[in-house]
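Quick mapping for you: the protein sequence lines, in order, are chains S and U.
Quick note on numbering: the working numbering labels position 25 of the first sequence as 52, and the sequence is numbered without any gaps.
Quick note on numbering: the working numbering labels position 161 of the second sequence as 183, and the sequence is numbered without any gaps.
Worksheet: the structure to be examined is printed underneath.
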Amino acid sequence: MIDKKTLLASLLGASVVLPLPALAQDSSSDSDPVTLRMAYDADPVSLDIHEQLSGGILQLSHLTHDPLVRWTKDVNFEPRLATEWERIDDKTMRFTLRDGVKFHTGNDFTAKDVVWTINRLKHSGDFKAIFDPIASATAIDEHTVEIKTHKPYPLVLNLATYIFPMDSEYYSGETEDGDPKDEIVKNGDSFASRHSSGTGPYEVVSRQQGVKVEFERFDDYWDKDSPGNVDRLVLTPIGENATRVSALLSGDVDFIAPVPPNDLERVKADKNVELTTMSGTRIILMQLNQKRVEAFEDPRVRQAFNYAVNQQAIADRLMKGFATPAAQLSPKGYDGYNDSLEPRYDVEKAKELMKEAGYEDGFSVTMMAPNNRYVNDAKISQAVATMLSRINVDVDLKTLPKAQYWGEFDDRAADIMMIGWHADTEDSANLYQYLTECPDPETGAGQYNAANYCNPEIDEKVAQANVETDRDKRAEMLQAVEKALYDDAAFMPLHWQDLAWAAKKNVKLEPVVNVMNFPYLGDLVVEQ
Amino acid sequence: MIAFLIKRLMHAFVVMFVISVISFAIQSNLGDPIQQMVGQSVPESQRAELREELGLNDSFLVQYGRFAANALQGDFGYSYFFNEPTTEVIQRHLPATLELVIAATLIIVVFSVPIGVYCAIRPRSALSRFFMSVSIIGISIPVFLTAIMLIQLFAIGVDFSPFPVETGWGQWLNGVLSTEGGMPSYGRGNNLTHLFGTWDSNFFSLDGLTYLVLPAVSLASIMLPLFIRLIRAEMLEVLQSEYVKFATAKGISLKRIYFVHALKNTMLPVITVGGVQLGTMVAYTILTETVFQWPGMGLMFLEAIQRSDIPLIVTYLMIVGLIFVVTNTLVDLIYGLVNPTVKLTGKPA
């Protein structure tokens with residue numbers, strides 16, 4: 028009886044449903060606008076994409092602007108506003124720009140906007156350090172730009188992913204108050220922090236800082252081949268992890284990031300939403316301060332510490348599989364990634380090394396870690412402290428909120444300190460520059476080297492790699508550096524944090540996310 | 023009356039002065055605002071420059087002197103994060119918080135008075151016992167937990183099926199236990215009614231009100247049981263007093279005794295406690311607003327702490343201090359109205 032009923036119902040249903048797809052197609056051209064409501068843990072601090080070099084600002088940059096080139100999923104380059112590029116000589120790279128691109132104001136995009144943007148980047152407090160290698164940018168004609176570097180520089184394309192041309196005409200001149208429209212103000216109001224004109228897929232319609240930002244699809248967007256069909260984006264910052272997840276599960280938003288590891292299972296189990304994860308590029312490591320602890324000057328002690336820590340267990344149990352155990356700084360995909368390096372967990376070996384070094388009975392050290400900066404940071408530091416107790420090292424651990432932690436970090440206030448690092452250039456050399464090079468306040472090298480580790484030989488190798496423009500040769504050099512650091516146990520690598528996004532089933536996130544964590548939402552498809 | 027108000031005004035000044043000194047004194051422990059403002063690869067020289075520009079290198083006294091001089095002219099400084107005067111930032115966030123507090127207060131007043139009075143009049147009835155035990159649970163559960171539970175139950179929905187689904191009664195029981203969800207889980211929604219200035223209200227549309235329900239209930243969840251118990255205890259005491267017995271002996275109707283004679287005297291201490299608690303409620307909004315992403319002062323304050331946004335933190339603390347003084351002043355005024363024998367200026371009668 029029941030069977031018959033359902034059969035009948037499905038037959039009836041089928042006959043009714045059949046004509047519908049045709050109807051739907053008819054109206055698709057002027058169908059309801061597609062709105063994506065998304066929640067991030069924070070909203071962008073400013074609309075000025077040169078005010079701060081941060082994940083939030085880069086995510087915004089990819090919405091309102093377009094870079095010259097952008098990263099693909101497998102960490103390669105994809106043409107955007109630059110269609111072609113060629114190396115003229117060691118120090119010069121020539122970019123051909125896309126034709127027929129318009130800014131949100133309607134102005135045409137030309138070479139002079141690119142030159143203007145690069146000059147502005149060189150004046151931005153946050154960006155000037157990474158744009159330092161660039162000597163000049165010149166417009167050869169309307170659609171050709173030449174970028175010259177001071178020295179032979181292999182990473183011009185990496186830098187080009189940061190060049191999001193701004194509408195130079197729009198930002199020229201002065202505001203009513205007499206301030207230049209292009210000024211970059213870190214603390215205070217500026218024209219650029221409240222107004223935006225780029226070539227990107229979305230225009231900002233309204234913005235209430237800390238509450239929401241609304242975007243609308245730019246009608247004259249150049250990329251007509253983009254499959255993206257989202258007409259309206261509403262970005263709400265939801266700082267509280269549990270609330271962000273609840274907002275997705277209750278259907279109040281369509282897309283959230285990041286997904287807190289404690290809620291991964293809950294999100295995965297929900298049948299209306301889909302979880303997308305990916306191995307990330309942020310390395311979490313511990314630095315052993317040689318200036319504070321004499322024992323850390325002995326490479327055997329540093330190695331012993333590395334042998335004592337079980338990265339796999341931390342990744343599996345603490346991070347719930349939400350991290351990739353690391354034995355080096357460079358994540359997979361970077362030129363410096365050396366696939367022969369494996370985590371070396373072996374407590375017996377660690378004990379042996381400690382004995383050899385004359386520290387069989389261990390010693391006491393202090394350790395500090397943030398407790399709200401990285402995923403599970405405080406728990407990880409506790410786990411490491413426990414693991415070190417097996418080689419008789421007594422750890423006095425203190426965890427602090429990030430606002431206080433960085434002050435302590437700058438003071439190098441503990442013998443062992445935790446740090447996470449993501450290379451702004453998506454290149455291994457950046458990792459060495461900040462984390463392992465001999466600290467030098469003059470050049471800013473080793474700014475975050477709280478180990479005070481210093482190996483001039485390795486630094487020299489990095490310097491050589493930094494002027495090598497042949498990518499394969501350079502990769503080989505960087506991998507050798509990675510191996511040398513591993514053998515010398517310059518630091519204790521723990522893992523690369525995974526990335527996670529979650530969205531409703533009809534939001535096709537998978538194709539637009541990447542390890543850099545700048546989802547290309549311009550290409551996002553939401554099925555109706 | 024005027025002397026009283028002037029005295030209170032002086033109080034307010036002293037309170038705000040003390041708060042500003044204290045919050046200034048702890049700012050070195052609040053972390054480095056520069057760290058929050060710049061990217062990771064910005065060199066130390068650049069940071070030092072910015073630090074100098076913001077005057078963070080000056081001594082405590084110089085910094086405080088500069089702040090106080092500006093504050094007297096109504097300039098409380100610029101928020102590092104919002105890049106706006108802190109007073110404007112607070113003005114923008116204040117209405118959301120006030121609406122939440124008003125809504126919670128309404129819930130408390132509407133429910134606590136009748137329930138409290140009922141529990142006092144019929145202390146042994148089953149319903150009274152039920153209210154009393156529920157209120158103990160309410161007091162014991164922290165606000166954020168209540169809030170998260172409310173979201174799970176009424177925004178996301180819960181599917182319980184401990185009873186057999188095949189049977190009609192099982193289905194019905196499961197239905198009773200399970201919740202549909204569907205209530206908004208965060209924020210104030212889009213249907214706000216603009217009143218004036220920075221005040222957009224949730225009170226004037228049905229959609230707006232639905233956004234207000236869960237946050238207001240969780241904010242009220244601590245105070246409501248407290249007031250039920252307070253009103254019950256006070257009322258019980260009043261009902262034992264001589265004049266109530268006398269009134270009963272005189273043959274006045276019970277209704278009149280309860281609601282005119284007894285309740286009026288019960289309310290005196292309740293108003294005092296209520297005034298103090300109103301200030302505390304502003305403090306509790308920090309938790310509620312964080313869980314519900316309610317764009318009010320509490321959430322703003324918590325984020326300001328995370329960002330070491332010192333000018334905003336100092337201004338917020340001073341304004342909360344002011345709110346305390348104002349509510350206490352109002353309570354004292356109302357007290358005078360309810361009980362004319364109380365002299366405001368404290369002179370012997």
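Each residue gets a CB set at the ideal place from its N, CA and C atoms; glycine is no exception.
Keep in mind that this is a model prediction, so the values were computed, not measured.
Check whether residue i and residue j have beta carbons under 8 Å apart
{"i": "Ile157/S", "j": "Ala164/S", "result": "no"}
{"i": "Thr201/U", "j": "Val187/U", "result": "no"}
{"i": "Ser378/U", "j": "Asp331/U", "result": "Residue 378/U falls outside the range modelled here, since chain U spans only 23 to 371, and no answer is possible."}
{"i": "Leu312/S", "j": "Arg329/S", "result": "no"}
{"i": "Pro264/S", "j": "Asp75/S", "result": "no"}
{"i": "Ile190/S", "j": "Leu124/S", "result": "no"}
{"i": "Ala529/S", "j": "Val294/S", "result": "yes"}
{"i": "Phe103/U", "j": "Phe46/U", "result": "no"}
{"i": "Thr171/S", "j": "Arg121/S", "result": "yes"}
Inter-residue Cα distance where the pair is residue i and residue j
{"i": "Ser37/S", "j": "Tyr208/U", "result": "Confidence is the limiting factor: at Ser37/S the pLDDT is only 41, short of 50, which leaves the residue's position unreliable, though a coordinate-based value still follows. Answer to the nearest angstrom: the Cα atoms are 39 Å apart."}
{"i": "Ser227/U", "j": "Thr215/U", "result": "8 Å"}
{"i": "Lys532/S", "j": "Gly343/U", "result": "48 Å"}
{"i": "Ile129/U", "j": "Leu246/U", "result": "8 Å"}
{"i": "Ser63/U", "j": "Leu458/S", "result": "11 Å"}
{"i": "Asp405/S", "j": "Gln431/S", "result": "One point to set straight first is that residue 405/S is Ala, not Asp, in the sequence displayed. One C-alpha to the other measures close to 14 Å."}
{"i": "Asp247/S", "j": "Asp97/U", "result": "44 Å"}
{"i": "Ile159/U", "j": "Lys318/S", "result": "54 Å"}
{"i": "Ile244/U", "j": "Ser157/U", "result": "9 Å"}
{"i": "Arg483/S", "j": "Leu512/S", "result": "The residue asked about is misnamed: residue 483/S is Pro in this sequence, not Arg. Cα to Cα, the separation comes out at about 12 Å."}
{"i": "Ser263/U", "j": "Glu256/U", "result": "11 Å"}
{"i": "Phe314/U", "j": "Arg210/U", "result": "9 Å"}
{"i": "Pro107/U", "j": "Ile211/S", "result": "18 Å"}
{"i": "Met519/S", "j": "Lys155/S", "result": "30 Å"}
{"i": "Ala517/S", "j": "Ala354/S", "result": "11 Å"}
{"i": "Leu50/S", "j": "Lys298/S", "result": "A caution first: Leu50/S carries a pLDDT of 38, below 50, which makes its placement in the model unreliable, though a value can still be read off. Going by the C-alpha atoms only, they are around 28 Å apart."}
{"i": "Val300/S", "j": "Pro428/S", "result": "32 Å"}
{"i": "Leu52/U", "j": "Met59/U", "result": "14 Å"}
{"i": "Asn337/S", "j": "Gly348/S", "result": "14 Å"}
{"i": "Gln328/U", "j": "Tyr401/S", "result": "14 Å"}
{"i": "Val235/U", "j": "Met171/U", "result": "14 Å"}
{"i": "Gln197/U", "j": "Ser183/U", "result": "The sequence shown places Gly at residue 197/U, rather than the Gln named in the question. Computed Cα separation, rounded: 8 Å."}
{"i": "Trp433/S", "j": "Arg439/S", "result": "9 Å"}
Exposure of residue i, with buried meaning 16 or more beta-carbon neighbours within 10 Å
{"i": "Ile29/S", "result": "The predicted position of Ile29/S is uncertain, since its pLDDT is 40 and thus under 50; no value can be drawn from it."}
{"i": "Leu551/S", "result": "buried"}
{"i": "Phe545/S", "result": "buried"}
{"i": "Ala25/U", "result": "exposed"}
{"i": "Tyr265/U", "result": "exposed"}
{"i": "Pro48/S", "result": "Because Pro48/S carries a pLDDT of 38, less than 50, the predicted location of this residue cannot be relied on, and the following value inherits that uncertainty. Looking at its Cβ environment, which holds fewer than 16 other Cβ atoms inside 10 Å, Pro48/S is exposed."}
{"i": "Ser67/U", "result": "exposed"}
{"i": "Arg271/S", "result": "buried"}
{"i": "Arg498/S", "result": "exposed"}
{"i": "Ser54/S", "result": "Confidence in Ser54/S is poor, its pLDDT being 38 and thus under 50, which makes the residue's placement too unreliable to answer from."}
{"i": "Val128/S", "result": "buried"}
{"i": "Glu230/S", "result": "buried"}
{"i": "Asn365/S", "result": "buried"}
Near the ligand ATP: residue i beta-carbon under 7 Å from a heavy atom
{"i": "Gln299/U", "result": "What this structure holds is no ligand at all, so the ligand ATP is not there to describe."}
Supposed contact pair residue j and residue i - C-beta distance, whole angstroms, cut 8 Å
{"i": "Leu108/S", "j": "Phe136/S", "result": "7 Å"}
{"i": "Gly237/S", "j": "Met205/U", "result": "Not confirmed; about 23 Å, so no contact."}
{"i": "Ala118/U", "j": "Leu241/U", "result": "12 Å between Cβ atoms; not a contact."}
{"i": "Cys141/U", "j": "Phe133/U", "result": "With a Cβ gap of about 12 Å, Cys141/U and Phe133/U do not count as contacting."}
Beta-carbon neighbours of residue i, restricted to chain C and to distances below 7 Å
{"i": "Asp153/S", "result": "Chain labels in this structure do not include chain C; the protein chains are S and U."}
- In chain order, what residues of the region 201-215 of chain U put their CB closer than 7 Å to some CB of chain S? Gly203, Pro206, Ser207, Tyr208 and Gly209
- Mind checking the region 75-87 of chain S against chain U and listing, in chain order, the residues whose C-beta falls within less than 8 Å of any C-beta there? Gln79, Leu80 and Ser81
- Message: Along the region 50-64 of chain U, where does the CB come closer than 8 Å to a CB of chain S? Name the residues.
- Response: Asn51, Leu52, Gly53, Asp54, Gln57, Gln58, Met59, Val60, Gly61, Gln62, Ser63 and Val64
- Item | Selection of the region 381-404 of chain S by Cβ proximity to chain U, strictly under 7 Å | none
- Task: Give, in chain order, every residue of the region 83-104 of chain U whose Cβ lies closer than 8 Å to some Cβ of chain S.
- Result: Tyr100, Tyr102, Phe103 and Phe104
- Query: Taking a cut of 9 Å between CB atoms, which residues from the region 309-335 of chain U lie near chain S?
  - Reply: Thr312, Val313, Phe314, Gln315, Pro317, Leu321, Met322, Leu324, Glu325, Ile327, Gln328, Arg329 and Ser330
- Query: Along the region 255-267 of chain S, what residues have a CB closer than 7 Å to any CB found in chain U?
  - Reply: Thr263, Ile265, Gly266 and Glu267
- Check each residue of the region 216-247 of chain S: if its Cβ is closer than 7 Å to any Cβ of chain U, include it; give the result in chain order. Asp216, Ser220, Gln236, Gly237 and Val238
- Item | Residues of the region 518-545 of chain S with Cβ closer than 8 Å to any Cβ of chain U, in chain order | none
- Query: Taking Cβ-Cβ distances below 8 Å as the criterion, which residues of the region 166-200 of chain U are in contact with chain S?
  - Reply: Ile170, Ile173, Gln174, Ala177, Ile178 and Gly179
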